[in-house]
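J.: For the record, the sequence lines run as chains Z and E.
Per my numbering: the first sequence = residues 158 to 594.
Per my numbering: the second sequence = residues 8 to 367.
Below is the structure I would like to discuss, written out as structure tokens.
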Amino acid sequence: MSKVKSFAGGAHPPGNKGLSSGAAVVRLPAPEVVTVPLCQHLGAPSKPVVKPGDEVKRGSVIGEQNGFISLPTHSPVNGKVLRVENAPMPHMRSGPAVVIKTESEDGGEVYEPISDWKNADISLIINRIKEAGVCGMGGASFPTYVKLSPPEGVKIDTLIINGVECEPYLTADHRLMLERADDLITGMNILARVLGVSDPCIGIEVNKPDAIKLLEKKGARVVRLKVQYPQGAEKQLIDAAAGREVPAGGLPLNVGVVVQNAGTCVAVADAVCKGMPCIRRITTVSGLGVTSPGNFDVCVGTPVSTLIEAAGGYRGDVQRLISGGPMMGMAMFTDAAPATKGMSGILALTPDEVRDVAEGPCIRCGKCVDVCPLRLCASVIATASEYGKWEDAEKAGALNCMACGTCSYVCPAGRYLVHHIKRAQNEIRAIIRAREA
Amino acid sequence: MAESRIFDLAVSPHIGSSQTTKRVMWDVVIALIPALIAAFWFFGPRALLLAGVSVGAAVLTEWLCLKFMKRPVNFAFDGSAVVTGLLLAYNVPAGVPWWLPVLGSAFAIAVAKQAFGGLGHNIVNPALLGRAFLMASFPVLMTAGWIAPMQWKDGERIDVQACGVPTAQLSESGELDALSGATPLNVLKQTFTWEGDPERSEEVRSMLFSRESLKNLFMGRIGGCIGETSVIMLLLGAIYLILRGVLELRLPLSYLGSVALFGWLFGGPGWLDGNALFHLLAGGVILGGFFMVTDMVTTPVTKKGRIIFGIGAGLLTMVIRRWGGYPEGCSYSILLMNLATPLIDRYTRPQSFGEVSSNG
Ligand code: SF4
Ligand code: SF4
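Set out below in structure tokens:
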């Protein structure tokens with residue numbers, strides 16, 4: 158058995174994964190109306206190519222790619238376009254979406270499968286991944302094809318599949334690794350071939366022994382990782398699994414590494430081998446504020462309220478609704494928002510689970526410094542930010558912060574460190590833009 | 008379709024560890040209790056009285072200051088004022104009049120803490136500045152108020168000596184049993200200055216470093232400030248703090264290590280012949296090392312900085328003990344290092360992840 162690896166820093170928030178880790182994925186039928194966001198990926202939203210009254214097929218393009226860092230969007234159902242409008246979003250206040258009345262959910266217009274992907278032209282495969290709208294399924298939603306097209310002269314020698322799922326509560330990737338292991342491995346091999354990497358590996362925390370065992374049995378190379386937040390952060394994962402430190406402000410490809418999420422691999426396999434565009438995903442619905450937490454295979458565009466209903470509805474006093482995990486996820490103001498490709502989970506948390514304290518003065522305990530995986534002094538940056546000293550914040554490394562939340566989590570004074578740091582990042586970026594303009 | 012519901016927004020992360028400022032402070036209070044029990048045992052009820060009035064004065068002063076500055080008064084009960092009050096009492100001899108720690112605590116809170124902006128903003132350890140204020144204003148009371156610890160006779164506790172023994176007298180009479188009246192560090196200091204009687208100095212020193220003497224130091228059966236004498240009880244508190252995850256060990260270990268090293272280097276009459284164990288056990292080093300060097304607010308936030316702080320404070324402690332004007336240097340050394348903390352923090356900021364390789 159290989160050694161259990163890890164990174165320096167981090168914290169150990171309670172995992173609470175037992176709430177849903179045993180629940181097999183339930184496939185939910187498409188709801189009567191889907192609200193498909195055109196801004197599910199990072200970068201420019203897709204440009205809508207349908208109008209109210211149009212008939213659409215499952216898999217037909219309803220929004221086309223709009224720039225290099227952008228992706229097309231597909232209809233998850235056969236039906237009729239009702240509206241093209243701005244709708245509430247899980248990850249932002251509102252964004253453009255196509256509202257479709259569902260008629261059925263079978264057949265449709267899928268792409269031609271590339272069954273001989275082992276010999277097919279690599280540009281064909283990359284193009285398929287692009288036209289199928291595949292983006293990172295771990296949360297950041299970066300267009301996958303971009304990561305597969307490294308700039309001239311950059312040599313990629315390592316592909317790491319991220320099966321860490323270090324956010325508490327979330328179990329979608331865990332279930333995916335158990336239930337779609339073959340597709341996962343196929344997707345990983347496709348990506349490896351595209352990148353020219355010979356020996357890809359999957360990083361998994363040791364709290365998922367069943368997934369580790371299954372994937373190893375199927376011949377995948379698994380890197381065992383210590384249970385420690387944020388083990389799944391790209392830079393930390395690369396540090397732990399490959400022993401390489403990504404430069405500050407740099408990308409994994411600067412050290413010859415590409416990281417892809419486990420869910421992304423399955424989406425790649427679906428796109429390449431089945432010609433299926435990215436219109437569904439597996440997501441966790443959990444928290445003590447839902448009756449029966451579980452994992453669901455849902456159409457993008459399904460309202461969160463429908464997901465909550467599938468999990469037995471709300472229970473007790475729900476204080477916060479979160480898209481994603483409790484460490485980095487976004488609080489949502491309404492459950493009318495739709496599921497997206499990047500939605501790893503929906504959490505309904507009760508007051509017992511949420512920490513909601515008044516921010517106290519910093520007692521300079523240094524805990525935030527001890528735990529920061531990027532070795533930043535969160536308290537220093539946050540204080541500079543509170544006083545509006547953007548330059549000091551920048552000097553202290555504000556722009557390097559990945560907002561993992563470990564510092565806020567451990568702060569005994571309950572300071573909103575991440576919030577202050579993000580604010581500083583926005584201000585600094587605005588200053589830099591102004592300087593360049 | 009399900010009815011939609013509205014929720015409050017908030018920033019991430021949405022969960023937090025159970026450790027709060029209040030819990031940290033009260034944990035420190037709890038960790039200080041064993042030493043108070045020892046003080047009661049060795050110095051009698053007077054120790055409790057002094058600690059009580061000191062804590063009362065600290066909390067009351069904090070409350071008044073907050074009230075006066077129109078800030079939320081419940082900060083007065085976050086435990087930090089209780090810690091300051093206790094630590095101040097622990098740093099005065101048991102024979103002082105009751106108003107002395109009251110004055111010290113009030114000064115500590117009002118001047119050293121609230122005048123700087125309250126919790127988290129003070130530059131130096133309030134309790135130590137309070138003590139320094141008392142030393143400067145009432146030097147006689149602060150250095151002559153030693154009470155000899157209670158002793159045992161036929162299974163009964165007897166009070167051998169209720170009042171302070173001026174140290175000057177001690178040095179001239181040179182009686183062995185008088186050792187129990189002053190602090191061991193006083194005596195050690197005097198052996199360095201007895202001129203013309205090196206043999207006597209040597210004899211007294213070997214007595215100080217004897218097994219018996221070290222055992223007394225460990226248990227606390229010696230003269231000293233209220234809360235500093237019983238090493239074993241202080242260690243008990245320290246273990247509690249470690250178990251509660253409150254104590255970060257870099258500060259105490261680097262401080263104690265530095266005291267031991269420099270104590271051995273120059274803590275004796277010549278070079279390389281000091282008794283490291285004696286220097287660790289005597290005076291305020293254990294109290295300081297686990298409860299004052301570790302004060303979060305006034306020490307560096309960086310890991311490297313904490314080690315530098317500890318080593319610096321240990322060095323200064325030993326320099327004062329050996330060559331300074333006082334027999335004990337623990338509290339002044341920490342105060343001095345408190346002043347250096349912002350500088351240490353500035354120069355020990357860690358290189359952030361990936362900064363090294365970005366040049367390559
Ligand atoms: S963890 Fe909180 S209280 Fe401690 S130093 Fe950091 S910001 Fe200050
Ligand atoms: S949120 Fe930023 S500063 Fe805080 S621990 Fe994570 S990377 Fe470090």
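Using N, Cα and C, we set each Cβ at its ideal position, and we do this for glycine too.
All of these numbers come straight from a predicted model, not from anything done at the bench.
1. Here's the rule: buried if 16 or more other CB atoms are within 10 angstroms of the residue's CB, otherwise exposed. What is S180(E)?
2. Short of 7 angstroms Cβ to Cβ, which residues in the region 276 to 294 of chain Z face chain E?
3. When every heavy atom of ligand 2 is checked, does at least one fall within less than 7 angstroms of the C-beta of T309(E)?
4. Comparing C-alpha positions only, which one of F453(Z), A201(Z), K546(Z), G517(Z) sits nearest to M500(Z)?
5. Looking at the strands, I want to know which residues DSSP matches up with M344(E).
6. Does the Cβ of F225(Z) have 16 or more other Cβ atoms within 10 Å, making it buried, or fewer, making it exposed?
7. Grab me the residues of I351(E)'s own chain with a C-beta within less than 7 angstroms of its C-beta, minus the 5 sequence neighbours each way, in chain order.
8. Are the region 281 to 290 of chain Z and the region 439 to 446 of chain Z touching, with three or more C-beta to C-beta distances below 8 angstroms?
9. Any idea what DSSP makes of L394(Z), helix, strand or coil?
10. How many angstroms separate the CA atom of A515(Z) from the CA atom of A570(Z)?
11. So what's M246(Z) in DSSP terms, helix, strand or just coil?
12. Under 9 angstroms Cβ-Cβ, which residues of chain Z neighbour Q121(E)?
13. Nearest by alpha-carbon distance to N319(Z): which of D278(Z), P434(Z), V414(Z) is it?
14. Please work out which residues of its chain come closer than 7 angstroms, Cβ to Cβ, to C422(Z), disregarding the five sequence neighbours upstream and downstream, and give them in chain order.
15. Strictly below 9 angstroms CB to CB, what residues from chain E border E557(Z)?
16. Whose C-alpha, out of A555(Z), V475(Z), E510(Z), is nearest the C-alpha of Q358(E)?
17. Quick check: what's the CA-CA separation for K579(Z) versus T236(E)?
18. Return the chain-ordered list of same chain residues with a C-beta closer than 6 angstroms to the C-beta of K120(E), the five sequence neighbours on each side being excluded.
19. If the criterion is Cβ atoms closer than 8 angstroms, does the pair L394(Z) and P307(Z) meet it?
20. Helix, strand or coil: which one does DSSP assign to Q197(E)?
21. So the candidates are L531(Z), I589(Z), F490(Z), Y573(Z); which of them puts its Cα closest to the Cα of M249(Z)?
22. Cα-Cα, which of P300(Z), C568(Z), N243(Z) is closest to T27(E)?
23. Which residue comes first and which comes last in the alpha helix (DSSP H) that contains G111(E)?
24. In whole angstroms, what is the alpha-carbon distance linking Q417(Z) and D513(Z)?
25. Would you list the one or two residues that DSSP bridges to P194(Z)?
26. Going by C-alpha to C-alpha distance, which of G296(Z), H169(Z), A338(Z), P270(Z) sits closest to A289(Z)?
27. What residues are listed by DSSP as bridge partners for H231(Z)?
28. State the DSSP-derived secondary structure class of R381(Z), mapped to helix, strand or coil.
29. Out of M214(E), G203(E), E206(E), P205(E), which has the shortest C-alpha to C-alpha gap to L192(E)?
30. Consider the Cβ of P349(E): report whether some Cβ of chain Z lies at a distance smaller than 8 angstroms.
31. Step through the CB atoms of chain E and report whether any lies within less than 8 angstroms of the CB of P186(Z).
32. Indicate, with yes or no, if ligand 1 has a heavy atom lying under 7 angstroms from the CB of G502(Z).
33. Would you mind telling me which residues of chain E sit closer than 8 angstroms to M487(Z), beta carbon to beta carbon, in chain order?
34. Exposed or buried, which one is V167(E) when buried takes at least 16 other CB atoms within 10 Å?
35. Given this structure, state the Cα-to-Cα distance separating N113(Z) from G321(E), to the nearest angstrom.
36. Using 8 angstroms for Cβ pairs, my map puts A83(E) next to V66(E). What's the rounded Cβ distance?
T.: The structure says:
1. Translated into positions along the second sequence, residue 180(E) becomes position 173. In this prediction, S180(E) has a pLDDT of 42, which is less than 50 and means its spatial position is unreliable; what the coordinates show is noted afterwards. Counting Cβ neighbours within 10 Å, S180(E) comes out exposed, since fewer than 16 surround it.
2. Sequence-ordered contacts of the region 276 to 294 of chain Z with chain E are nonexistent [C-beta pairs closer than 7 angstroms].
3. If you number the second sequence from 1, residue 309(E) lands on position 302. No, the Cβ of T309(E) stays beyond 7 angstroms of every heavy atom of ligand 2.
4. On the first sequence, residue 500(Z) is found 343 positions in, with the first residue counted as 1. When C-alpha distances from M500(Z) are compared across F453(Z), A201(Z), K546(Z), G517(Z), the shortest belongs to F453(Z).
5. Here residue 344(E) refers to the residue found at position 337 of the second sequence. Checking the DSSP bridge columns, you'll see M344(E) has no partner listed.
6. Walking along the first sequence from the start, residue 225(Z) turns up at place 68. Exposed is the call here.
7. The residue labelled residue 351(E) in the question sits at position 344 within the second sequence. So the list reads P307, G312, I315, F316, once near-sequence residues are dropped.
8. These segments do not touch.
9. Your numbering for residue 394(Z) matches position 237 in the first sequence. Residue state, collapsed to three classes: helix.
10. Here residue 515(Z) refers to the residue found at position 358 of the first sequence. Here residue 570(Z) refers to the residue found at position 413 of the first sequence. Whole-angstrom Cα-Cα distance: 9 angstroms.
11. In the first sequence, counting from the first residue as 1, residue 246(Z) sits at position 89. In the structure shown, the three-state DSSP call for M246(Z) is coil.
12. Taking the first residue of the second sequence as 1, we reach residue 121(E) at position 114. Under the 9 angstroms cutoff, chain Z gives no residues; its nearest Cβ is about 12 angstroms from Q121(E).
13. If you number the first sequence from 1, residue 319(Z) lands on position 162. Of the candidates D278(Z), P434(Z), V414(Z), the one whose C-alpha sits nearest the C-alpha of N319(Z) is V414(Z).
14. Here residue 422(Z) refers to the residue found at position 265 when the first sequence is read from its first residue. Short of 7 angstroms from the beta carbon of C422(Z), and not among the five residues preceding or following it, lie these beta carbons of its own chain, in chain order: I318, L341, G344, M345, L348.
15. Here the question's residue 557(Z) lines up with position 400 in the first sequence. A small fix is needed here, since residue 557(Z) is Asn in this sequence, not Glu. Neighbours of N557(Z) on chain E, chain order: S359, F360, G361, E362.
16. Locating residue 358(E) in the second sequence gives position 351, counting from the first residue. Of the residues A555(Z), V475(Z), E510(Z), the one whose Cα lies closest to the Cα of Q358(E) is A555(Z).
17. As a position in the first sequence, residue 579(Z) is number 422, starting the count at 1. As a position in the second sequence, residue 236(E) is number 229, starting the count at 1. Take the alpha-carbon of K579(Z) and the one of T236(E): they are about 49 angstroms apart.
18. Here the question's residue 120(E) lines up with position 113 in the second sequence. Beyond the five residues adjoining it in sequence on each side, K120(E) comes within less than 6 angstroms, by CB distance, of N129, P133 in the same chain, given in chain order.
19. Residue mapping note: residue 394(Z) aligns to position 237 of the first sequence, counting from 1. Residue mapping note: residue 307(Z) aligns to position 150 of the first sequence, counting from 1. No, they are not a contact pair.
20. Here residue 197(E) refers to the residue found at position 190 when the second sequence is read from its first residue. Residue state, collapsed to three classes: helix.
21. By one-based count along the first sequence, residue 249(Z) stands at place 92. A check of alpha carbon separations from M249(Z) across L531(Z), I589(Z), F490(Z), Y573(Z) identifies F490(Z) as the nearest.
22. As a position in the second sequence, residue 27(E) is number 20, starting the count at 1. Relative to T27(E), the option among P300(Z), C568(Z), N243(Z) whose CA is nearest is C568(Z).
23. Here residue 111(E) corresponds to residue number 104 of the second sequence, with the count starting at 1. Judged by DSSP secondary structure, G111(E) falls within the alpha helix (DSSP H) whose first and last residues are 106 to 114.
24. Numbered from 1 along the first sequence, position 260 holds the residue referred to as residue 417(Z). Numbered from 1 along the first sequence, position 356 holds the residue referred to as residue 513(Z). Whole-angstrom Cα-Cα distance: 34 angstroms.
25. Residue numbering aside, residue 194(Z) sits at position 37 when the first sequence is read from its first letter. DSSP output for P194(Z) lists A254(Z) as bridge partner(s).
26. Locating residue 289(Z) in the first sequence gives position 132, where the first residue counts as 1. The residue with the shortest Cα to Cα distance from A289(Z) is P270(Z).
27. As a first step, residue 231(Z) is located in the first sequence; it is residue number 74 there, counting from the start. When DSSP reads this structure, H231(Z) sits in a beta bridge with V218(Z).
28. The residue you call residue 381(Z) lines up with position 224 of the first sequence. DSSP places R381(Z) in strand when its eight states are reduced to three.
29. Counting from one through the second sequence, the residue named residue 192(E) turns up at place 185. Of the listed residues, the one whose Cα sits closest to L192(E) is M214(E).
30. Position 342 of the second sequence holds residue 349(E). Cβ-Cβ to chain Z under 8 angstroms: no for P349(E).
31. For the purposes of this step, residue 186(Z) is taken as the residue at position 29 of the first sequence. For P186(Z), no CB of chain E lies under 8 angstroms from its own CB, so it is not counted at the interface with that chain.
32. Translated into positions along the first sequence, residue 502(Z) becomes position 345. In this structure, G502(Z) has its CB at a distance of at least 7 angstroms from all heavy atoms of ligand 1.
33. For the purposes of this step, residue 487(Z) is identified with residue 330 of the first sequence, where counting begins at 1. Neighbours of M487(Z) on chain E, chain order: S19.
34. Here residue 167(E) refers to the residue found at position 160 of the second sequence. Model confidence at V167(E) stands at a pLDDT of 38, short of 50, so the residue's coordinates are unreliable and nothing is read from them.
35. Chain Z is shown from 158 up to 594; residue 113(Z) falls before or after that span and cannot be answered.
36. In the second sequence, counting from the first residue as 1, residue 83(E) sits at position 76. In the second sequence, counting from the first residue as 1, residue 66(E) sits at position 59. Indeed they touch by this definition, with Cβ atoms about 6 angstroms apart.
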